[in-house]
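Taking it in order: structure first as structure tokens, then the write-up.
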Amino acid sequence: MPASATPTEVGHVVGVTFDPLRRRWVFVTDTAGGPVVPTPDLAGSLLMSEAVLDEHSGDMGNIVFGRPGAVLRPRRVEDIAAMIAFCARHRITVAARGAKHTVYGQGLVPEGLVVDMSFLHGIHTVGEDFVDVDAGVLWHDLVVEAADRGVRFPALTHFLGLTVGGTLSVGGISAAYRYGGQVELVREMQVVTGRGDVVWCSRQQHPDLFAAALGGLGQVGIITRVRLEMVAVPDVVHTHELVFGADRVGDAFAAMRTLMDRREVDEVFLWVWPPTGADGPEFRVHVARFHDRGTTDDPQVLRDLPAADRHTRGEHDYLSFALAHDTMFEQVRRDGVWDRLKKPWFDVFVTDEDVEHHMAALVRSMSPEDWSPGTGFVLAFPHDADRFTAPRLRVPKRTGRVWLCDALTTSSADTGAPATFSTRALARNAVWEQRFGVTPAAAPDAGEDGRPGSDDCEDSFIYPIGAKEWTARAWRRHYGETWPDVVAGKHRFDPELILTPGPGMVVDARG
């Protein structure tokens, strides 16, 4: 053992074990002869230091907290498989954590085992049309290395400080409107199930596990390795920002719809800027078009659009374009204040028919505190609805386009009592849910069999990365007619119900 090592730093050397009577993790040196069960031999580390446990006791939201009992830093997938099998035998809860970018405790596992996926971050292959990477690799690192090889992932989230496995576990939404979620671009992946089995799956091989894990919120397994579709890097990216005033929300949406209908641009999204002084909010349409070198930006791409109040154009190399939002985000975080703020984010998928009305109503209803200028964002991302095929990522189907609407608010401008902020923000989100049509004003209870009632949501769905108090009934409503598949998958791949308790997806013997 290195001279600097301590029992709390090198768990796999000194020995961390589990006390089945007191239901807690302990060091072998602290057992005093009591009943314990030895943990598996690992290439990685099983840690119980105060600093490590504290690191995994919260998330970016700073609203929900829960201290794990131990943290696994794996060096290979076999470490994860061995520890999940161990935890299944002893009914110990487990959750994978990557960049800790959730905001309402989705990845927390009080007294359980955290699998720190950031220690499984290899980039194994970068090919002409695919990559093979560990799930703990950051998108930022993959983007940089892949671009150096001349390829790119075609549906990147704007912020890249996220793990590949993390975004694939929730769905992954970009501004590339032709692709649906990132989960649609997975060729195959390796999953460690709640039984501790290591399984490679795809649309052809073990398709039930493939479908249940992608966008499955970690309920059936931990994604450990993936093979993703890739395309060629463009030589140049031309961008446009079209700014429409507060009374021109209709023009902003008309411009985006026209651009998507023509299929001449590659990315489109809406960024709503907060009011300033006497001026209302601005609706800023962002457009990106990828080109080969030597190609000039064609002004005709914006033909016949509603005239913007302001128009800014730019030309960028691909990597600068892909990393631009990371740069902006780091500026927001520079003084350390943003990391400490509460972030009760609200995220919802709506239909093309409803989005304009809902977004206009949302913006009108937002208080100065809701806007949290400088630290909060209001966004909308359109997508072709027929590109969404992954069953666990719930989006409206009876529409030509799906829009993800995000109100990424913080506590920076709140003027109420700090102790009540989270409660007030959750109540506000519940009101927004109702306005967006996710929750009926008076929904009937589910039937005695626990199956969805007549209030199934079909035209709007919460994207479950934000701040929401989920109940068993809410999950049944969310999954609707697919709920029996969710239950069957949970019992098949996680029969001890140990995986990822944070979302509160209660599945009992009846489902």
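Going by UniProt numbering, the residue at position 440 of the sequence shown is 440; the numbering climbs one at a time, nothing skipped.
No residue lacks a Cβ here, since even glycine has one placed at the ideal position from N, Cα and C.
L217 to V363, Cα distance in whole Å?
So the two alpha carbons sit approximately 29 Å from each other.
Starting from G314, follow its DSSP beta bridges and name the residues at the other end.
BP columns for G314 point to T239.
Supposed contact pair V71 and V52 - C-beta distance, whole angstroms, cut 8 Å:
Indeed they touch by this definition, with Cβ atoms about 5 Å apart.
Among T439, L160 and G98, whose alpha-carbon lies nearest the alpha-carbon of T327?
Residue nearest to T327 within the set T439, L160 and G98 is L160 (criterion: CA-CA distance).
Contact the segment 136 to 146 vs the segment 330 to 348: 3+ CB pairs below 8 Å:
Judged by Cβ distances under 8 Å, the segment 136 to 146 makes no contact with the segment 330 to 348, as fewer than three pairs qualify.
With DSSP run on the structure shown, which of helix, strand or coil describes V233?
V233: coil per DSSP, three-state reduction.
Counting C-beta neighbours from all protein chains within 10 Å, is the total for D335 16 or more, i.e. buried, or is it exposed?
Exposed.
Taking all protein chains shown into account, do 16 or more other C-beta atoms lie within 10 angstroms of the C-beta of R313, making it buried, or fewer, making it exposed?
With a 10 Å radius around the Cβ and a threshold of 16 neighbouring Cβ atoms, R313 comes out exposed.
Taking only runs of the beta strand (DSSP E) that begin and end inside the segment 328 to 402, which ones reach a length of at least 3 residues, in chain order?
For the segment 328 to 402, whole beta strand (DSSP E) runs of length 3 or above, ordered along the chain, are 346 to 351 and 377 to 384.
Helix, strand or coil for Q106? Go by DSSP, reduced to three states.
Residue state, collapsed to three classes: coil.
Assuming D208 is part of the alpha helix (DSSP H), what are its boundary residues?
Taken as a continuous stretch (DSSP letters only), the alpha helix (DSSP H) holding D208 covers P207 to A213.
Report yes or no: is there a C-beta of chain D within less than 8 Å of the C-beta of V198?
Given the protein chain composition of this structure (a single chain), no chain D is represented.
So, helix, strand or coil for E481, using DSSP?
Of the three classes helix, strand and coil, the one that applies to E481 here is helix, per DSSP.
Between which two residues does the alpha helix (DSSP H) harbouring R257 extend?
Looking at the DSSP string, the run of the alpha helix (DSSP H) that includes R257 is V249 to R262.
Between the alpha carbons of P154 and M230, how many angstroms are there, rounded?
Taking the straight line from one Cα to the other gives about 7 Å.
Is it the case that the segment 372 to 384 contacts the segment 403 to 411, given that we only count it when at least three CB pairs across the two stretches are under 8 Å?
In short, these stretches touch, since the Cβ pair count reaches three.
Let me check understanding here. Comparing Cα to Cα, which of D309, V36, G69 and W338 lies closest to residue 513?
Since the first residue shown for the chain is 1 and the last is 511, residue 513 is missing from the structure and cannot be characterised.
For V16, is the classification buried or exposed, using 16 other Cβ atoms within 10 angstroms of its Cβ as the cut-off for buried?
Burial call: buried.
For P68 and G112, believed in contact at Cβ under 8 Å, the rounded distance
Right, the Cβ-Cβ distance comes to about 6 Å (below 8 Å), so this counts as a contact.
Quick one: residues in its chain with C-beta nearer than 7 Å to the C-beta of R23, no 5 flanking neighbours on either side, listed in chain order?
There are no such residues.
Is V507 near the ligand HEM, going by C-beta to nearest heavy atom under 7 Å?
The ligand HEM is not among the ligands present in this structure, which contains no ligands whatsoever.
Over what stretch of residues does the beta strand (DSSP E) that includes D132 continue unbroken?
Note, D132: beta strand (DSSP E), F130 to D134.
Among P274, E315, A254 and A212, which residue has its Cα nearest to the Cα of T239?
It is E315.
Cβ pair H478, F493 closer than 8 Å
When the beta-carbon positions are compared, H478 and F493 stay at least 8 Å from each other.
Simplified DSSP assignment, three categories, for P501
Reduced to three states, the DSSP call for P501 is coil.
Under the rule that 16 or more other beta-carbon atoms within 10 Å means buried, what is residue 514, buried or exposed?
Look at the range of the chain in this structure, 1 to 511, and you will see that residue 514 is not part of it.
Note down, in chain order, each residue of its chain lying with its Cβ closer than 6 Å to the Cβ of L319, except the 5 sequence neighbours on either side.
Hits under 6 Å: A147.
Between the CA atoms of T276 and V236 - distance to the nearest angstrom
So the two alpha carbons sit approximately 34 Å from each other.
For H90, count neighbouring C-beta atoms within 10 Å of its own C-beta (all shown protein chains included) and say buried if the count is 16 or more, exposed if not.
So H90 counts as exposed.
Suppose you measure from the CA of V191 to the CA of A213; what does that come to, to the nearest Å?
Using only the alpha carbons, I get a separation of about 8 Å.
What residue range does the alpha helix (DSSP H) around D54 cover?
Its alpha helix (DSSP H) spans residues E50 to E55.
Could you check if A442 is buried or exposed, using at least 16 other CB atoms within 10 Å of its CB as the buried criterion?
A caution first: A442 carries a pLDDT of 46, below 50, which makes its placement in the model unreliable, though a value can still be read off. With fewer than 16 other Cβ atoms within 10 Å, it is exposed.
For S45, count neighbouring Cβ atoms within 10 angstroms of its own Cβ and tell me buried if that reaches 16, exposed if not.
S45 counts as buried, since no fewer than 16 other beta carbons sit within 10 angstroms of its beta carbon.
Indicate whether A135 and L120 have their beta-carbon atoms separated by less than 8 Å.
For A135 and L120, yes; Cβs fall inside 8 Å.
Identify whether G280 lies in helix, strand or coil by the three-state DSSP scheme.
In the structure shown, G280 sits in coil (DSSP, three-state: anything other than H, G, I, E or B).
What three-state label does DSSP hand R149 in the structure shown?
R149 falls in the coil class under three-state DSSP.
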